[in-house]
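Asks:
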Amino acid sequence: MERLKPTPGEMTTVDKIEVENASSGVITSRTNVVLSDKDQKKARRLRWKIDLWILPIMTIIYLLAAMDRSDIGNAQVAGMQKAIGATDSQWSKVVSLFYVGFVLGHVPGVFALRKLGPPVVLGAAVAAWGVMVTLLMEVETWSQAVGVRICIGFAEGISHAGPLYLSLWYTRKELGTRGGIFYSASSLAGAFNGLIAYGIVKTYSHHPPFAPWQWIFLIEGCVSIGFGLFALGALPGAPDKLSWGFTADEKRLALIRTQRANNTPHERIRWKSVVGAFKSPMWVVYTLILACTQVALGGLSSFLPAILKGLGYSSVHAQLMTVPIYSVSAVSTVVCSYFSDKTQLRGPWLVGLSSFSLVGYIMVLASHNNHVRYGGLFLAAAGQYPIVVIVLTWLAVNIPNFTHRATISATTNILAQAITTAVLTTFDDPPYYHKGLSVVIGLTCCSPVLSSFGMWYVRWFNSRKQPATEQQRGMTLAELGEDHPDFFLQM
Numbered sequence: 003m004e005r006l007k008p009t010p011g012e013m014t015t016v017d018k019i020e021v022e023n024a025s026s027g028v029i030t031s032r033t034n035v036v037l038s039d040k041d042q043k044k045a046r047r048l049r050w051k052i053d054l055w056i057l058p059i060m061t062i063i064y065l066l067a068a069m070d071r072s073d074i075g076n077a078q079v080a081g082m083q084k085a086i087g088a089t090d091s092q093w094s095k096v097v098s099l100f101y102v103g104f105v106l107g108h109v110p111g112v113f114a115l116r117k118l119g120p121p122v123v124l125g126a127a128v129a130a131w132g133v134m135v136t137l138l139m140e141v142e143t144w145s146q147a148v149g150v151r152i153c154i155g156f157a158e159g160i161s162h163a164g165p166l167y168l169s170l171w172y173t174r175k176e177l178g179t180r181g182g183i184f185y186s187a188s189s190l191a192g193a194f195n196g197l198i199a200y201g202i203v204k205t206y207s208h209h210p211p212f213a214p215w216q217w218i219f220l221i222e223g224c225v226s227i228g229f230g231l232f233a234l235g236a237l238p239g240a241p242d243k244l245s246w247g248f249t250a251d252e253k254r255l256a257l258i259r260t261q262r263a264n265n266t267p268h269e270r271i272r273w274k275s276v277v278g279a280f281k282s283p284m285w286v287v288y289t290l291i292l293a294c295t296q297v298a299l300g301g302l303s304s305f306l307p308a309i310l311k312g313l314g315y316s317s318v319h320a321q322l323m324t325v326p327i328y329s330v331s332a333v334s335t336v337v338c339s340y341f342s343d344k345t346q347l348r349g350p351w352l353v354g355l356s357s358f359s360l361v362g363y364i365m366v367l368a369s370h371n372n373h374v375r376y377g378g379l380f381l382a383a384a385g386q387y388p389i390v391v392i393v394l395t396w397l398a399v400n401i402p403n404f405t406h407r408a409t410i411s412a413t414t415n416i417l418a419q420a421i422t423t424a425v426l427t428t429f430d431d432p433p434y435y436h437k438g439l440s441v442v443i444g445l446t447c448c449s450p451v452l453s454s455f456g457m458w459y460v461r462w463f464n465s466r467k468q469p470a471t472e473q474q475r476g477m478t479l480a481e482l483g484e485d486h487p488d489f490f491l492q493m
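Using this note's numbering, the first residue of the sequence shown is number 3, and each one after it goes up by one.
If you want it as structure tokens, here you go:
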């Protein structure tokens, strides 16, 4: 018999779910959980099943979201800005105002996920933004493009509840690595967009009735519609609401796993508990680090083809030259996330990666050598992309119940995207974008400072934990949150 060993960010006393009631989602007792050797093997098989079923679908959803969000940069180089008669200032609004819809979609997405279920919410959101993407090929003015992009952003904002769904399936020790695979789709999206745009521009430059930039939206939009409909039928519900695809034993073990991840089956978002989610200053740290990173990545993904064109590459080759940058970033995201899980550390990785990225941005802004600037883009992207998954994993492992996690997750993303919306309007001075890159460098300098403060706070918080009273021992993690005597923050 092997006792489950907790890690920082988990309770040292793990709740037991009675076997006869676990498959029905009812928790009837709260003692130490011990799994037999047979159950340990079944639990490993269940994890593989989740890895090969749920994780790939969620990763593809995130891939499509990132592709449909950033394909505007490829469309710009393929001639869209000129076709709709947008000035550089107007075009920066076409790019940045996407995040207005993105922000507005977050809260409905979080609540709908619990109310309607992941298959309906996520599948419908993907299909909806796919329809909107195909409509982009019909816009004739920049204001029409802004309107459609806001609608795309709203649907993608709803789907951003996906990481919350993943947190129901994985323990805290597993979440970082799986999150790395999930978020690597963001950089892979840039690589795929570059390849698709390169192929379309080469193949369809003289193929009416559509211009190359219209073909980009038509092809990518149709793919999203198809996969959204597939996800509607293929995704399972939350672990406490499984109706198909899992055996009785797997349902029981899935509930034990979600309980160990500090999730309470059947827990609903309680309005009285929402305010309590903000008492820790760490939510401000998560928000500001994420905002600094999202601004940098928003500028990179939306304007990278144009930046490369400014380095002297043709429109066609600028699309292709984005692929190596994004490919390296995808590898960096998975590798750094894996080792942050192995070390069970988040803050030190954030300090190192943001510093690494800062060097790259300085190379891009300060150098007049195109080879040096291109190399700087590799460093900037490889450093920034892993930060997103690591900071969101830091958030997830340090927020101990669903209500608080849902509240802070939505708030952090909303505020970060609002800041991104405002700052991306500074990318209005092509081809070198000195103003926008200067702002990004300033914000990237803030990330190591914020991460260092976060690590200091974690040490202080854990050091002041007092021995539990009998009354506290009888209370659940959902009731006490991070004040539970057995819950420790992870650095």
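Ideal placement from N, C-alpha and C gives every residue a C-beta, glycine not left out.
What is the C-beta distance between I443 and L367, in whole angstroms, given that I count them as a contact (C-beta under 8 Å)?
Replies: Reading the sequence shown from its first residue, position 441 is the one you call residue 443. Reading the sequence shown from its first residue, position 365 is the one you call residue 367. Contact flag correct, Cβ pair sits at about 6 Å.
Asks: According to DSSP, is M3 helix, strand or coil?
Replies: Reading the sequence shown from its first residue, position 1 is the one you call residue 3. For M3, the predicted model reports a pLDDT of 34, less than 50, meaning its position is unreliable and no value from the coordinates is stated.
Asks: Does the structure place the stretch 155 to 167 close enough to the stretch 407 to 419 that three or more beta carbon pairs sit under 8 Å?
Replies: At 8 Å Cβ cutoff, the stretches touch.
Asks: What would DSSP say about Q346, mapped onto helix, strand or coil?
Replies: Against the sequence shown, residue 346 aligns to sequence position 344. Here Q346 sits in coil by DSSP.
Asks: Is I86 helix, strand or coil by DSSP?
Replies: Taking the sequence shown and counting its residues from 1, one reaches residue 86 at position 84. It is coil, neither helix nor strand.
Asks: Hey, T422 and Y101 are a contact pair by Cβ (cut 8 Å); roughly how many whole angstroms apart?
Replies: Within the sequence shown, the letter at position 420 stands for residue 422. Within the sequence shown, the letter at position 99 stands for residue 101. With a Cβ gap of about 5 Å, T422 and Y101 count as contacting.
Asks: Is A279 near L417, with beta carbons less than 9 Å apart?
Replies: In the sequence shown, residue 279 corresponds to position 277, counting from 1. In the sequence shown, residue 417 corresponds to position 415, counting from 1. Cβ distance not < 9 Å, so A279 and L417 don't count as in contact.
Asks: Going by other Cβ atoms of all chains shown within 10 Å of its Cβ, with 16 needed for buried, is A250 buried or exposed?
Replies: As a first step, residue 250 is located in the sequence shown; it is residue number 248 there, counting from the start. Exposed is the call here.
Asks: G196: which of Y328, P110, A157, G354 sits nearest, CA to CA?
Replies: Your numbering for residue 196 matches position 194 in the sequence shown. Nearest option by C-alpha distance: Y328.
Asks: With contact counted as at least three CB pairs below 8 Å, one residue from each stretch, are the stretch 40 to 59 and the stretch 137 to 150 in contact?
Replies: Taking 8 Å as the limit for Cβ pairs, the verdict is that the stretch 137 to 150 does not touch the stretch 40 to 59.
Asks: Considering only residues of the same chain and omitting the five flanking positions on each side of F156, which have a CB-CB separation below 8 Å?
Replies: Reading the sequence shown from its first residue, position 154 is the one you call residue 156. Excluding positions up to five away in sequence, the list reads G103, F104, L106, G107.
Asks: Tell me where the alpha helix (DSSP H) around N415 begins and ends.
Replies: Position 413 of the sequence shown, counting from 1, holds the residue named residue 415. It spans 404 to 425 - the alpha helix (DSSP H) in which N415 sits, taken as one unbroken run.
Asks: With H, G and I counted as helix, E and B as strand and the rest as coil, what does DSSP make of L313?
Replies: Start at 1 with the first residue of the sequence shown, and residue 313 comes out as number 311. Of the three classes helix, strand and coil, the one that applies to L313 here is coil, per DSSP.
Asks: Roughly how many angstroms lie between the CA atoms of S98 and G301, to the nearest whole one?
Replies: Mapped onto the sequence shown, residue 98 falls at position 96. Mapped onto the sequence shown, residue 301 falls at position 299. S98 and G301: Cα-Cα distance of roughly 9 Å.
Asks: Just confirm the distance between the C-beta atoms of S303 and S94, as a whole number of angstroms; I'd bet it's less than 8 Å.
Replies: Residue mapping note: residue 303 aligns to position 301 of the sequence shown, counting from 1. Residue mapping note: residue 94 aligns to position 92 of the sequence shown, counting from 1. With 8 Å as the limit, S303 and S94 do not qualify as a contact, their Cβ atoms being about 14 Å apart.
Asks: For L220, which residues in the same chain have their Cβ closer than 8 Å to its Cβ, ignoring the five residues on either side in sequence?
Replies: The sequence position of residue 220 within the sequence shown is 218, counting from 1. Result list for L220: T136, M139, F212, in chain order.
Asks: Does the beta carbon of H108 fall short of 8 Å from some heavy atom of the ligand MN?
Replies: In terms of ligand content, the structure shown is empty, and the ligand MN therefore cannot be addressed.
Asks: Expressed to the nearest angstrom, what Euclidean distance is found between the alpha-carbon atoms of E235 and V133?
Replies: If you number the sequence shown from 1, residue 235 lands on position 233. If you number the sequence shown from 1, residue 133 lands on position 131. It should be noted that the sequence gives Gly, not Glu, for residue 235. Taking the straight line from one Cα to the other gives about 19 Å.
Asks: Excluding sequence positions up to five away, which residues of its chain have a Cβ less than 6 Å from the Cβ of E12?
Replies: Taking the first residue of the sequence shown as 1, we reach residue 12 at position 10. Because the pLDDT of E12 is 41, which lies under 50, any placement of that residue in the model is unreliable, and the number read from its coordinates should be weighed accordingly. Excluding residues within five positions, the ones whose Cβ falls inside 6 Å are R174.
Asks: Cβ of N76 within 9 Å of Cβ of I218?
Replies: Numbered from its first residue, the sequence shown carries residue 76 at position 74. Numbered from its first residue, the sequence shown carries residue 218 at position 216. Taking 9 Å as the Cβ cut-off, N76 and I218 qualify as a contacting pair.
Asks: Would you check if the stretch 373 to 393 and the stretch 353 to 363 touch, i.e. whether three or more CB-CB distances between them fall below 8 Å?
Replies: Enough Cβ pairs lie closer than 8 Å, so yes.
Asks: Rounded to whole angstroms, what is the Cα-Cα separation between L445 and Q296?
Replies: The residue labelled residue 445 in the question sits at position 443 within the sequence shown. The residue labelled residue 296 in the question sits at position 294 within the sequence shown. Rounded to the nearest angstrom, the two C-alpha atoms are 10 Å apart.
Asks: For L170, which residues from the same chain have a beta carbon less than 6 Å from its beta carbon, with the 5 sequence-adjacent residues on both sides left out?
Replies: Your numbering for residue 170 matches position 168 in the sequence shown. Excluding residues within five positions, the ones whose Cβ falls inside 6 Å are A240, P241, T260, N265.
Asks: With DSSP as the reference, label L491 as helix, strand or coil.
Replies: On the sequence shown, position 489 is the one that residue 491 refers to. Looking at L491 - three-state DSSP - the assignment turns out to be coil, as it is neither helix nor strand.
Asks: DSSP state of L99, grouped into three classes?
Replies: By one-based count along the sequence shown, residue 99 stands at place 97. It is coil, neither helix nor strand.
Asks: Could you give the DSSP three-state label for D430: helix, strand or coil?
Replies: Counting from 1 along the sequence shown, the entry for residue 430 is found at position 428. D430 falls in the coil class under three-state DSSP.
Asks: Which of the three DSSP states, helix, strand or coil, is assigned to L244?
Replies: For this step, residue 244 is matched to residue 242 along the sequence shown. DSSP places L244 in coil when its eight states are reduced to three.
Asks: Can you tell which of K281, L306, V225 has the C-alpha that lies nearest to the C-alpha of Y434?
Replies: For the purposes of this step, residue 434 is taken as residue 432 along the sequence shown, with counting starting at 1. That would be L306, whose Cα lies nearest to the Cα of Y434.
Asks: Taking its Cβ as the centre, do 16 or more other Cβ atoms sit within 10 Å of N400, making it buried, or is it exposed?
Replies: On the sequence shown, residue 400 is found 398 positions in, with the first residue counted as 1. Buried is the call here.
Asks: Classify P120 as buried or exposed, calling it buried when 16 or more other Cβ atoms lie within 10 Å of its own Cβ.
Replies: Stepping through the sequence shown from its first residue, residue 120 is reached at position 118. P120 comes out buried.
Asks: Could you work out which residue in A298, L54, F463 is closest to Y363 when comparing CA atoms only?
Replies: For the purposes of this step, residue 363 is identified with residue 361 of the sequence shown, where counting begins at 1. Of A298, L54, F463, the residue nearest in Cα terms is A298.
Asks: Go through the stretch 93 to 175 residue by residue and report every complete run of the alpha helix (DSSP H) that reaches 4 residues or more, in order.
Replies: Counting whole runs of 4 or more residues, the stretch 93 to 175 contains the alpha helix (DSSP H) stretches 100 to 118, 120 to 137, 144 to 161, 164 to 168.
Asks: Hey, how far is the Cα of I74 from the Cα of I198?
Replies: Residue numbering aside, residue 74 sits at position 72 when the sequence shown is read from its first letter. Residue numbering aside, residue 198 sits at position 196 when the sequence shown is read from its first letter. Taking the straight line joining both Cα atoms gives about 13 Å.
Asks: Tell whether a beta-carbon distance below 9 Å holds between A67 and V141.
Replies: Counting from one through the sequence shown, the residue named residue 67 turns up at place 65. Counting from one through the sequence shown, the residue named residue 141 turns up at place 139. It is not a contact, given that the beta carbons lie outside the stated cut-off.
Asks: For G125, which residues of its own chain have a beta-carbon under 6 Å away from its beta-carbon, when the five flanking residues on both sides are left out?
Replies: The residue given as residue 125 occupies position 123 in the sequence shown. Excluding positions up to five away in sequence, the list reads G230, A233, L234.
Asks: Grab me the residues of I202's own chain with a C-beta within less than 8 Å of its C-beta, minus the 5 sequence neighbours each way, in chain order.
Replies: Reading the sequence shown from its first residue, position 200 is the one you call residue 202. Only A80, P214, W217, I218, I221 meet the Cβ criterion.
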